[in-house]
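This report concerns only the one structure given below.
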Amino acid sequence: MSAITRDEVAHLARLSRLALADDELDHFAAQLDQIVGAVARVSEVAAGDIPPSSHALPLTNVFRPDEVRPGLTPEGALSGAPAVEEDRFRVPRILGEEA
């Protein structure tokens with residue numbers, strides 16, 4: 052007996068504003084039933100004496116410390132720009148708004 056019925060899938064489809072054909076309702080009902088079954092099996096295996104974890108192996112911080120480094124000057128940053136205006140990149144207007 053399927054835990055997820057065709058009517059429940061149709062209800063979920065309506066809530067999600069999805070138009071599903073009759074054969075899709077049956078197909079998704081079977082798939083959702085398999086998913087619910089898999090989650091139930093995992094729940095059975097989980098023991099109370101095993102602490103929950105997010106990773107199988109311990110994680111270490113792989114980030115380097117922040118260091119101040121010299122960056123580009125405005126002239127250097129704009130040196131390869133096709134158009135510059137008032138120390139800024141000049142780009143085409145796209146919204147048609149007045150400046």
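If you read the sequence shown in our numbering, its first letter stands for residue 52, the second for the next number, and so on.
By construction, the Cβ of each residue, glycine as well, lies at the ideal position given by its N, Cα and C atoms.
Three-state secondary structure (DSSP) of Phe114:
As a working note, residue 114 is residue 63 in the sequence shown. The three-state secondary structure of Phe114, taken from DSSP, is coil.
Beta-carbon proximity check, Asp84 vs Ile55, cutoff 7 Å
Residue 84 sits at position 33 when you count from the first residue of the sequence shown. Residue 55 sits at position 4 when you count from the first residue of the sequence shown. The criterion of a C-beta distance shorter than 7 Å is satisfied by Asp84 and Ile55.
Per DSSP, what are the beta-bridge partners of Arg65 in this structure?
Indexing the sequence shown from 1 puts residue 65 at position 14. As DSSP reads the structure, Arg65 sits in no beta bridge.
In this structure, how does DSSP classify Val142 when only helix, strand and coil are distinguished?
If you number the sequence shown from 1, residue 142 lands on position 91. Note: Val142 maps to coil in three-state DSSP.
Beta-carbon within less than 8 Å of Val96's beta-carbon, same chain only, minus the 5 sequence neighbours each way: which residues are those?
Residue 96 sits at position 45 when you count from the first residue of the sequence shown. Closer than 8 Å at Cβ, skipping near neighbours: no residue.
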